[in-house]
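Each remark here refers to the structure printed beneath this line.
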Amino acid sequence: MAENIIHLNDEDFDELLKTSDKPIMVDFWAPWCGPCKAIGPTLEALAGEFGDQITFAKVNVDDNPISPSKHNVQAIPTLIFFKDGAVVNQITGMVAKEKLEEAIKSVL
Amino acid sequence: MSEYDLVIIGAGPAGLTAGLYAARARMNVLLIEKAVPGGQVLITDWIENYPGFPEGISGFDLAEKIKEQALTLGLDIETAEVQGLDLSGKTKEIILKGKRIKTKSLIIASGASPRKLGVGEDKFMGKGVSFCATCDGPFFKDKVVLAVGGGDTAIQESIFLTRFAKKVYIVHRRDELRATKILQERAFANDKIEFLWDSVVTGMDGFFGVEKINVKNLKTGKESKIEANGCFIWIGILPNTEFIKGDVKTDESGFILVDAKMQTNVPGVFAIGDVRDTPLRQIATAVGDGAVAAVCAEHYVENS
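Residue numbers (the numbering used here), protein chains in the order written: chain A, 196 to 303; chain B, 21 to 324.
And the structure:
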């Protein structure tokens, strides 16, 4: 796992939202989800590229059921972009690297 | 700019197999994939009709193994979305964002995507509406869900959903299933599954997500509202051919027409897997298509 992706749990999720001065992209995933695993390398590559401008985080929905339910996540992979603590974009499903890049650039 | 012997569009089982044959034949080959290698196999929970895996294998694991084999044999995979093709000259051109790639031959393996109902389900995508039981099934633990369709995918994935949901309605527009018999037997024996025959979904509503789904019986005309939080749609597929714009001949649904060599009406341009007009869309047929097309593309490049 890339060192510039942090793993959040239900406890530190809200804390990060409150304190982060950078935009955050949270990847809701689970170990049983093939597409989630499949986009992993893309997210790691993007974290390498944009990690200094946006915080990349992952939430395992199996271990942390509260955060996905709070944000009404009913499908994975779901990527939610937060800026100043508020949701600014949400992407569900496998998407191309170019599309993710666009989404990241639009929140910077 | 250098010219490839072969460019393959799409990294599902068909494209990856073509790629591994071409790489093994030491062709100068590039595979272009818009998202991630694997294709629709990635969202298939369990595969038990692909030879060589007597216990069955998960879609993700099989996709990873095919990809790994292609990479081991030296295949280059580039992540990019194809915007268009220029097949007017002897050298074919693939138009990407900001650049063009030249190639002597081309294999189109861009696959297919699930067909939608078109009853306003778009606003519930990721909020109850899904095409992928393996991705989203666990979110419906102890809930009621509804599935639409009567083919292999609909029945197999509905059975998978019963691991989580307390009840799965299957809405099918006819009074019998198209799915293979072994799947039918399992579905009929599963007491969490209830069939709504001769019926179609006409709409859905809900506040945070899907709450009620409107179902109409085509024989009686009776409409009912089913309380369900999930709507899984498996009513067939549409070819991924947005970038093709009339460059090769297709059937009326848009699936690409090919000959026994997998060649389209344009010499040196091949189409394989789910994107082509074919009587069967399976991993086994896709990899067969891939092998045929790669070898025929090699012959085409050698002889032209």
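Even glycine gets a Cβ: it sits at the ideal position worked out from N, Cα and C. These numbers were taken from a predicted model, which means no experiment stands behind them.
Taking all protein chains shown into account, decide if B:Gln-103 is buried (16 or more other Cβ within 10 angstroms of its Cβ) or exposed. exposed
Just the Cα atoms here: how many angstroms apart are B:Arg-193 and B:Asp-297? 24 Å
Helix, strand or coil for A:Ser-301 per DSSP? helix
My output table needs one value for B:Thr-240: the three-state DSSP class, helix, strand or coil. coil
Chain-ordered chain B contacts of A:Val-290 [CB-CB under 7 Å]: Ala-55
Could you please tell me which residues of the segment 226 to 250 of chain A, in chain order, have their CB closer than 8 Å to any CB of chain B? Trp-227, Cys-228, Gly-229, Pro-230, Cys-231, Lys-232, Ala-233, Ile-234, Pro-236, Thr-237
One question on the structure: do B:Phe-252 and B:Leu-181 come within less than 9 Å of each other, judged by their Cβ atoms? yes
Identify the residues that DSSP records as bridge partners of A:Gln-285: which are they? A:Ile-275
Proximity test, Cβ basis, 9 Å: B:Glu-247 and chain A: no
Report the partner residues of B:Gln-283 according to the DSSP bridge assignment. B:Phe-290
The alpha helix (DSSP H) enclosing B:Ala-317, as first and last residue numbers: 303 to 323
Do you know how far the Cα of B:Ala-209 is from the Cα of B:Lys-186? 15 Å
Give the residues of chain A in contact with B:Thr-154, contact being defined as C-beta atoms less than 9 Å apart. Trp-227, Cys-228, Gly-229, Pro-230
Would the beta-carbon of A:Ile-234 fall within 9 Å of that of B:Val-56? yes
At a Cβ cut of 8 Å, what residues of the segment 88 to 102 of chain B count as close to chain A, listed as they run along the chain? Thr-99, Ala-100, Glu-101
By the 10 Å Cβ neighbour count, where 16 or more other Cβ atoms means buried, how is B:Asn-260 classified, buried or exposed? buried
Compare the C-beta of B:Gly-256 against all C-beta atoms of chain A and say whether one is closer than 9 Å. no
Going along the chain, which unbroken runs of the beta strand (DSSP E) with 3 or more residues stay wholly within the segment 81 to 137 of chain B? 96 to 99, 104 to 106, 112 to 116, 119 to 128, 132 to 134
Are the C-beta of B:Ser-150 and some C-beta of chain A separated by less than 9 Å? yes
At which residues does the beta strand (DSSP E) containing B:Ala-167 begin and terminate? 164 to 168
Expressed to the nearest angstrom, what Euclidean distance is found between the alpha-carbon atoms of B:Ala-317 and B:Asp-96? 17 Å
Residues of chain B with CB closer than 7 Å to the CB of A:Ile-261, please, in chain order. What A:Ile-261 touches in chain B: nothing, since even the nearest Cβ is about 14 Å away.
Distance cutoff 9 Å, beta carbons only. Does A:Val-282 sit that close to anything in chain B? no
Let me know the secondary structure DSSP gives A:Ala-252 once reduced to three states. strand
Could you tell me the alpha carbon to alpha carbon distance between B:Val-149 and B:Val-268, rounded to whole angstroms? 34 Å
A:Pro-236: which of A:Gln-248, A:Lys-253, A:Ser-264 sits nearest, CA to CA? A:Lys-253
Could you pull out every residue in the same chain whose Cβ sits closer than 6 Å to the Cβ of B:Leu-345, ignoring the five residues on either side in sequence? Residue 345 of chain B cannot be examined here, being either before or after the span of chain B that is shown, 21 to 324.
Please report the residue range of the alpha helix (DSSP H) in which B:Pro-259 lies. Note, B:Pro-259: premise wrong, no alpha helix (DSSP H); beta strand (DSSP E) at 257 to 259.
Please classify B:Arg-44: does DSSP put it in a helix, a strand, or coil? helix
Can you find a C-beta in chain B that's less than 9 Å from the C-beta of A:Asp-222? no
By the three-class DSSP mapping on this structure, what secondary structure does B:Ile-277 have? It should be pointed out that residue 277 of chain B corresponds to Leu in this sequence rather than to Ile. Note: B:Leu-277 maps to coil in three-state DSSP.
Residues bridged to A:His-266 (per DSSP): Answer is none; A:His-266 lacks a bridge partner.
Sequence-distant residues of its chain with Cβ nearer than 7 Å to A:Met-196 (five each side left out): With a pLDDT of only 46 at A:Met-196, under 50, the local geometry of the prediction cannot be trusted, and the value read off the model is given with reservation. None.
Say whether chain B places a C-beta atom closer than 9 Å to the C-beta of A:Asp-205. no
On the CB-based measure, 16 or more other CB atoms within 10 Å of its CB, does B:Val-312 come out buried or exposed? buried
Would a check of beta-carbon distances place B:Gly-293 closer than 9 Å to chain A? no
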